[in-house]
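One structure is given below, encoded as C-alpha cells.
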Amino acid sequence: MAQAGGQRRSNARMGSWSVLARIQAILQKEMVREFLAEFMSTYVMMVFGLGSVAHMVLGGKNFGSFLSVNLGFGFGVTMGIHVAGNISGAHMNAAVTFATCALGRMPWKKFPVYVLGQFLGSFMAAVTIYGLFYSTIIHYSGNLLTVTGPTATAGIFATYLPEHMMLWRGFLDEMFVTGMLQLCLFAITDKDNNPALQGTEALVVGILIVTIGASLGMNTGYAMNPSRDLPPRFFTFIAGWGKQVFSAGDNWWWVPVVAPLLGAYLGGIIYVIFIGSSIPRKPQRLENSMVCEDHRITVLPKTSPSMTSPIAPSIQPAPPLSGSMLLEQF
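When we follow the working numbering, the leftmost residue of the sequence shown carries the number 19, and every step to the right adds one.
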C-alpha cells in the first residue's frame, strides 16, 4: 500500500511538471510573448494614466491638474516601454501598430495579436482604476454615474468632445496630434538620423507624450490611441454609465478610433518621404578581407548595378521593429 501511495505521488509530481513544461513552452512562443508584452505594457501605461485623470476629476486642484495628467500618461508610457520594449517594441497603441504594419516595418499577421493585447490591457486597467477609486467615485457623483454635468465621472476613463467643438474639428485635431506623435517616434528611433541615445528611448518617448499633452491636448484630450480610448469606454458602458458613453458629443466615440489610425499613417509617410528618404545612405558593399604577412589584400566581388546604385538601399524593405524600442501612446 505504501509503495502504491508513493507511486501515485510520484506520478502526480511528474504530471504537474509536465503541465508546467507545456505552459512554459507555450509562453516562449514569439506571438504569445508579444501578446503578453503588449498586454502588460498597455496595462501599466493605462493604470498610471487613468489614475492621474481620477486624481484630477475627483480630487480637484488639491490632488491633480491637467499637467499631472500629462505627466501620468507620459511617464506611464516610459514605464510601459521598460516593461516590454525589447519583446514587442511596446507599441501600446493600435494606431502606432497600424502605421508600423502599413509602412512595411512589421508583418500584418502580428497586427491582431498586438491590438488584442493592447485592448485587454487597457480594459483591465480601467477595471483596476474603477475598483481602486470606487468609493471616491460614488461619493463624488452622489451615487449617480453620469457622462455630462458637474459631477460627471465618465471622463476618467475615456475622452469626450467639448460642447463648443464641432465633430469634424475634433477629428482633425486627433488626426494631427497622432500624426505628430508618429512622426516624432520615427525620428526618435531612426538610427540613420539623430536618434535618442541608447538606453534613453523610453524617457524621450515619455517626454514626447508630456509635450504633446501640454501643447496640443486641450481640445479633445489627445487620445491618439484606439487602445487607450475604446476599451475603457466599453467598460464604462457595462459598469453603469450606460449608452450615453457612445452617444455623447455627436457620437464622438468612433473618432478616437479612426482619426488616430489615419493620423499615424500620414505622420509616418511624411517622415519617410521628407526626412527618411533624404538621409544619405552608404552604398552596400560586400568585402572578403584576407591578411597575409604585413599586407592586407582586399578582394571585392563583382557587383550588380542594383548593389552599387546610391538609391538602392532606400528602396529596400525596412526591417521589422517588433523587437526594437518603439513606439507608443497613448
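A virtual CB, placed ideally from N, CA and C, is assigned to each residue, including glycine. This structure is a prediction, so every number in the text was calculated from the model and none was measured.
Endpoints, the alpha helix (DSSP H) within which residue i is located
| i | result |
| --- | --- |
| Trp-186 | 185 to 207 |
| Ile-230 | 219 to 234 |
| Val-71 | 48 to 77 |
Residues near residue i by beta carbon distance below 6 Å, same chain, minus five either side
| i | result |
| --- | --- |
| Gly-267 | Tyr-178, Leu-179 |
| Ser-70 | Ser-86, Val-87, Gly-90 |
| Ala-214 | Ile-206, Val-222 |
| Ala-220 | Thr-96, Ile-99, His-100 |
| Leu-280 | Met-193 |
| Thr-196 | Ala-113, Met-242, Pro-278, Gly-281, Ala-282 |
| Gln-334 | Its pLDDT being 36, under 50, Gln-334 is placed unreliably in this model, and the value from its coordinates should be taken loosely. Taken in chain order, the list of residues that qualify is empty. |
| Gly-94 | Met-63, Phe-66, Gly-67 |
| Thr-154 | Leu-76 |
| Ala-117 | Gln-200, Ala-282, Tyr-283, Gly-286 |
| Asp-312 | Because Asp-312 sits at a pLDDT of 46, beneath the cut-off of 50, its placement in the model cannot be relied upon, and the point is left open. |
| Gly-235 | none |
Selected residue, minimal CA-CA separation from residue i, among the options
| i | options | result |
| --- | --- | --- |
| Thr-60 | Ala-117, Ile-293, Ala-144, Arg-40 | Ala-144 |
| Phe-175 | Phe-204, Met-74, Phe-57 | Met-74 |
| Gly-364 | Asn-237, Leu-54, Phe-129, Thr-169 | For the chain, the structure presents residues 19 to 348; residue 364 sits outside this window and is missing. |
| Tyr-240 | Pro-213, Gly-260, Ala-277, Asp-208 | Ala-277 |
| Thr-218 | Gly-103, Arg-40, Ala-55, Leu-38 | Gly-103 |
| Val-290 | Asn-237, Gly-224, Phe-204, Pro-298 | Phe-204 |
| Ile-293 | Lys-209, Val-223, Ile-256 | Lys-209 |
| Ile-52 | Thr-115, Leu-221, Met-64 | Note on residue identity: the sequence assigns Glu, not Ile, to residue 52. Considering only alpha carbons, the answer is Thr-115. |
| Leu-68 | Asp-247, Val-275, Leu-54, Asn-269 | Asp-247 |
| Trp-186 | Leu-226, Leu-284, Val-273, Phe-81 | Val-273 |
| Ile-225 | Lys-47, Phe-57, Cys-202, Ala-282 | Cys-202 |
| Gly-173 | Phe-252, Glu-56, Ile-41 | Phe-252 |
| Met-63 | Leu-38, Phe-84, Thr-146, Lys-128 | Thr-146 |
| Val-165 | Phe-151, Glu-181, Ser-153 | Glu-181 |
| Ile-230 | Phe-129, Tyr-132, Gln-200, Phe-255 | Gln-200 |
| Val-275 | Phe-189, Gln-216, Asn-211 | Phe-189 |
| Ser-245 | Val-50, Gly-149, Asn-111 | Asn-111 |
| Gly-139 | Met-58, Lys-127, Ser-153, Ser-233 | Met-58 |
| Trp-270 | Met-183, Gly-149, Ser-159 | Met-183 |
| Gln-136 | Pro-249, Phe-255, His-157 | Pro-249 |
| Ser-233 | Gly-167, Met-198, Thr-254 | Met-198 |
| Val-50 | Gly-167, Ser-159, Pro-130 | Pro-130 |
| Ile-256 | Gln-216, Gly-167, Tyr-158, Tyr-148 | Tyr-148 |
Close Cβ partners of residue i (< 8 Å) along its chain, the five nearest in sequence each way excluded
| i | result |
| --- | --- |
| Ile-287 | Leu-121 |
| Lys-320 | Legend: pLDDT at Lys-320 = 44, less than 50; position of this residue unreliable, value from coordinates given subsequently. Excluding sequence neighbours, Lys-320 sits near nothing in its chain. |
| Tyr-132 | Glu-52, Phe-53, Glu-56, Ser-106, His-109, Ala-112, Thr-115 |
| Tyr-158 | Val-75, Leu-76, Thr-169, Thr-171 |
| Gly-160 | Thr-169 |
Contact set for residue i: own chain, Cβ-Cβ below 7 Å, skip 5 residues either direction
| i | result |
| --- | --- |
| Asp-191 | Asn-237, Thr-238 |
| Leu-349 | Limits of the chain in this structure are 19 at one end and 348 at the other, which puts residue 349 out of reach. |
| Met-142 | Tyr-61 |
| Asn-211 | Ala-205, Ile-293, Ile-297 |
| Phe-151 | Ala-72, Leu-76 |
| Val-228 | Asn-88, Leu-89, Gly-92 |
| Ser-340 | Residue confidence is low: Ser-340 scores 39 on pLDDT, short of 50, so the model does not pin down where it sits. Its coordinate-derived value is still stated next. Cβ within range, chain order: Glu-52, Ser-106, Gly-107, Met-124, Lys-128. |
| Thr-254 | Ala-172, Phe-175, Ala-176, Val-263 |
| Phe-81 | His-73 |
Cβ-heavy atom distance, residue i to the ligand MG, below 7 Å
| i | result |
| --- | --- |
| Ile-225 | For the structure depicted, the ligand MG is absent and the ligand set is empty, with no information on it obtainable. |
*At what residue ranges does the region 91 to 153 contain a whole run of the alpha helix (DSSP H), taking only runs of 4 or more?*
Fully enclosed alpha helix (DSSP H) runs of 4 or longer: 112 to 120, 129 to 150.
*Can you list the alpha helix (DSSP H) stretches of 4 or more residues lying completely in the region 247 to 302, in chain order?*
262 to 269, 273 to 292
*Can at least three beta-carbon pairs, one atom from the region 257 to 277 and one from the region 94 to 110, be found at a separation below 8 Å?*
no
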